[in-house]
Amino acid sequence: MIQSMTGFGKSSLQLPTKKITVEIKSLNSKGLDLNVRMPSVYREMELSLRNQISQQLERGKIDFSLYIEVTGEETSTKVNAPIVRAYIAQMRDILPEADATELMKMAVRMPDALKTERDEIDENEWAEIQKVITEALVNINQFRKDEGESLENEFQSRIANIRQLMNDAVSYDAERVETVKGRLRTALEELQANVDENRFEQELIFYLEKYDITEEKVRLGNHLDYFIETLNGKEANGRKLGFITQEMGREINTMGSKSNHSEMQKLVVMMKDELEKIKEQVLNVL
Numbered sequence: 001m002i003q004s005m006t007g008f009g010k011s012s013l014q015l016p017t018k019k020i021t022v023e024i025k026s027l028n029s030k031g032l033d034l035n036v037r038m039p040s041v042y043r044e045m046e047l048s049l050r051n052q053i054s055q056q057l058e059r060g061k062i063d064f065s066l067y068i069e070v071t072g073e074e075t076s077t078k079v080n081a082p083i084v085r086a087y088i089a090q091m092r093d094i095l096p097e098a099d100a101t102e103l104m105k106m107a108v109r110m111p112d113a114l115k116t117e118r119d120e121i122d123e124n125e126w127a128e129i130q131k132v133i134t135e136a137l138v139n140i141n142q143f144r145k146d147e148g149e150s151l152e153n154e155f156q157s158r159i160a161n162i163r164q165l166m167n168d169a170v171s172y173d174a175e176r177v178e179t180v181k182g183r184l185r186t187a188l189e190e191l192q193a194n195v196d197e198n199r200f201e202q203e204l205i206f207y208l209e210k211y212d213i214t215e216e217k218v219r220l221g222n223h224l225d226y227f228i229e230t231l232n233g234k235e236a237n238g239r240k241l242g243f244i245t246q247e248m249g250r251e252i253n254t255m256g257s258k259s260n261h262s263e264m265q266k267l268v269v270m271m272k273d274e275l276e277k278i279k280e281q282v283l284n285v286l
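Counting along the sequence shown from 1, when you hit position 146 you're at 146 in full-length UniProt numbering, and nothing is skipped either side.
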């Protein structure tokens, strides 16, 4: 079953003093383009986190965000008391009449008045965060599978349309041959030329062989079958599906150049339209 590269997964968990939220967004991309946003305290876990995400999601433009919301009485920022006292003492020398409260307000705005202590990663807390990350990855993969199912249904429908249009185009083949014969005979009659019938038939056969689309029909039919076979395979393979659509396009273009018949050309244009819609969606396949 195919999977889409487009997806979204979210999970959250409330700890005693923190709320943890993980969001993962994914769009189509030729390779893996991973952007990770997380609090600096967890940066040392980024490499292993990237490996985990790349193994699970494989390909796509992926934005990973880890949010930590402090909900309890916990802070890593503290007043640098000696520095604040020094600032107040200096300002009291400059403004001896100033109120102590006003001096305090000014002092805490000065450089180094507040200091942020770097927390060490709590292994138990990271284990809980890891559960949230895993759940978010499960959610985005499920999203991708659901989107892949929709894509598969659309591909099946459009491949069937191309096959039907191809068969409709081939049904005009006999009519096209008679039309070509009629045109050639009319041209010869207008020239009032004496023509050897056997030679005429030989030249006609040679002429019609250049416009024969039997080989293109067979090859296009094989490509359509191979596309469906790949679509139903166990492993998603968007690149392979893209290569098959390129081969399908070559056969359809050749049929168009050989058609020499207005109704067949209309059908070829319709096949091209269906194929372009398939190509657009194949870019989203993992």
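Think of the CB as a built atom: it goes at the ideal place given N, C-alpha and C, for glycine as much as any other residue.
The model shown is predicted, which means the values in this text are computed figures rather than measured ones.
By Cβ distance, which residues of its chain are closer than 7 Å to M110, with the 5 residues on each side in sequence left out?
-> Stepping through the sequence shown from its first residue, residue 110 is reached at position 110. Spatial neighbours of M110 in its own chain (CB-CB distance under 7 Å, excluding positions within 5 residues in sequence) are listed in chain order as Y87.
Going by the CB atoms, is the gap between S29 and K61 shorter than 8 Å?
-> What you label residue 61 is simply residue 61 of the sequence shown in a count that begins at 1. What you label residue 29 is simply residue 29 of the sequence shown in a count that begins at 1. Against a cut-off of 8 Å, the Cβ pair of S29 and K61 comes out as a contact.
From F143 to E123, what distance separates their C-alpha atoms?
-> Mapped onto the sequence shown, residue 143 falls at position 143. Mapped onto the sequence shown, residue 123 falls at position 123. For the pair F143 and E123, the Cα-to-Cα distance works out to about 30 Å.
So, are the CB atoms of E263 and L220 less than 8 Å apart?
-> Position 263 of the sequence shown, counting from 1, holds the residue named residue 263. Position 220 of the sequence shown, counting from 1, holds the residue named residue 220. It is not a contact, given that the beta carbons lie outside the stated cut-off.
Classify G249 as helix, strand or coil using the three-state DSSP reduction.
-> By 1-based counting over the sequence shown, the position of residue 249 is 249. In this structure, G249 counts as helix in the three-state DSSP scheme.
When the distance is taken between beta carbons, is V170 closer than 8 Å to K210?
-> Counted from its first residue, the sequence shown places residue 210 at position 210. Counted from its first residue, the sequence shown places residue 170 at position 170. Not closer than 8 Å, so no.
Three-state secondary structure (DSSP) at E135?
-> Translated into the one-based positions of the sequence shown, residue 135 becomes position 135. Taken through DSSP and simplified to helix, strand or coil, E135 comes out as helix.
Start and end residues, alpha helix (DSSP H) containing K277 = Translated into positions along the sequence shown, residue 277 becomes position 277. Unbroken alpha helix (DSSP H) run through K277: S262 to V282.
Give the C-beta separation of I2 and E152 to the nearest angstrom, bearing in mind that I take them to be a contact with Cβ-Cβ under 8 Å.
-> On the sequence shown, position 2 is the one that residue 2 refers to. On the sequence shown, position 152 is the one that residue 152 refers to. In this structure I2 is in contact with E152, their Cβ atoms being roughly 6 Å apart against a cut-off of 8 Å.
Hey, could you find the ends of the beta strand (DSSP E) E69 is sitting in?
-> Within the sequence shown, residue 69 is the residue found at index 69, counting from 1. Judged by DSSP secondary structure, E69 falls within the beta strand (DSSP E) whose first and last residues are G60 to V70.
Which full runs of the beta strand (DSSP E) of 3+ residues lie inside the stretch 70 to 113, going along the chain?
-> Secondary structure within the stretch 70 to 113: the beta strand (DSSP E) runs of 3 or more consecutive residues, fully enclosed, are 77 to 79 (chain order).
Please look up how many angstroms separate the CB atoms of F155 and I20, rounded, as I've assumed it's under 8 Å.
-> Counted from its first residue, the sequence shown places residue 155 at position 155. Counted from its first residue, the sequence shown places residue 20 at position 20. The beta carbons of F155 and I20 sit about 39 Å from each other, so the pair does not count as a contact at 8 Å.
For I140, the three-state DSSP class (helix, strand or coil) = Position 140 of the sequence shown, counted from the start, is the residue given in the question as residue 140. Looking at I140 - three-state DSSP - the assignment turns out to be helix.
Hey, out of L13, L34, V108 and E58, whose CA is closest to P82's CA?
-> As a first step, residue 82 must be located in the sequence shown, where it is residue number 82. That would be V108, whose Cα lies nearest to the Cα of P82.
D14, DSSP secondary structure in three states = Locating residue 14 in the sequence shown gives position 14, where the first residue counts as 1. Residue identity check: residue 14 is Gln in the sequence provided, not Asp. Q14 falls in the strand class under three-state DSSP.
Indicate the three-state DSSP secondary structure (helix, strand or coil) for S26 in the structure shown.
-> Counted from its first residue, the sequence shown places residue 26 at position 26. Strand, per DSSP.
Alpha carbon to alpha carbon, how far is I68 from V132?
-> Position 68 of the sequence shown, counted from the start, is the residue given in the question as residue 68. Position 132 of the sequence shown, counted from the start, is the residue given in the question as residue 132. Annotation: I68 to V132 spans about 12 Å, alpha carbon to alpha carbon.
Closest by C-alpha distance to M270, when choosing among V282, M5, G249 and D225 = Counting from one through the sequence shown, the residue named residue 270 turns up at place 270. Of V282, M5, G249 and D225, the residue nearest in Cα terms is G249.
Thinking C-alpha only, which one of E135, Q55, E58 and R158 is nearest G9?
-> For the purposes of this step, residue 9 is taken as the residue at position 9 of the sequence shown. For the set E135, Q55, E58 and R158, the Cα lying nearest the Cα of G9 is the one of E135.
Sequence-distant residues of its chain with Cβ nearer than 6 Å to Y172 (five each side left out) | For the purposes of this step, residue 172 is taken as the residue at position 172 of the sequence shown. Here the set comprises H261, E263 and M264.
Where does F243 land, buried or exposed, given buried means 16+ other C-beta within 10 angstroms?
-> The count along the sequence shown starts at 1 and reaches residue 243 at position 243. That one is exposed.
Close-in-space but distant-in-sequence residues of the same chain around D63 (CB under 6 Å, 5 per side omitted) = To locate residue 63, count along the sequence shown from 1; it is residue 63. Non-local C-beta neighbours of D63 in its own chain, meaning closer than 6 Å and more than five positions away in sequence, comprise K25 and N35, ordered along the chain.
K19 - DSSP class collapsed to helix/strand/coil | Reading the sequence shown from its first residue, position 19 is the one you call residue 19. Secondary structure at K19: strand, using DSSP grouped into helix, strand and coil.
Do you know offhand how far G238's Cα is from L286's?
-> Here residue 238 corresponds to residue number 238 of the sequence shown, with the count starting at 1. Here residue 286 corresponds to residue number 286 of the sequence shown, with the count starting at 1. About 5 Å.
Select from K18, G148, K105 and S259 the residue whose C-alpha is nearest the C-alpha of T179.
-> On the sequence shown, position 179 is the one that residue 179 refers to. Of K18, G148, K105 and S259, the residue nearest in Cα terms is S259.
How is G49 classed by DSSP in three states: helix, strand or coil?
-> Taking the sequence shown and counting its residues from 1, the one referred to as residue 49 is at position 49. First, the amino acid is wrong: residue 49 is Leu here, not Gly. DSSP places L49 in the helix class (H, G or I) of the three-state scheme.
Exposed or buried, what is residue 292 when buried is set at 16 or more other beta-carbons lying within 10 Å of its beta-carbon?
-> Past the edges of the chain, shown from 1 to 286, lies residue 292, and the structure says nothing about it.
For I140, which option in E58, L283, M166 and K272 has the closest C-alpha, if you only look at C-alpha atoms?
-> Here residue 140 corresponds to residue number 140 of the sequence shown, with the count starting at 1. Of E58, L283, M166 and K272, the residue nearest in Cα terms is E58.
Look at the alpha carbon of M104 and the alpha carbon of R85, and state the distance between them as a whole number of angstroms.
-> As a working note, residue 104 is residue 104 in the sequence shown. As a working note, residue 85 is residue 85 in the sequence shown. Going from the Cα of M104 to the Cα of R85 covers about 9 Å.
What first and last residue would you give for the beta strand (DSSP E) that runs through R37?
-> Reading the sequence shown from its first residue, position 37 is the one you call residue 37. Secondary structure note for R37: its beta strand (DSSP E) is the uninterrupted segment L32 to R37.
Of the listed residues K240, D273 and E235, nearest to N253 (C-alpha basis) = Translated into positions along the sequence shown, residue 253 becomes position 253. Across the set K240, D273 and E235, the C-alpha of D273 shows the shortest separation from the C-alpha of N253.
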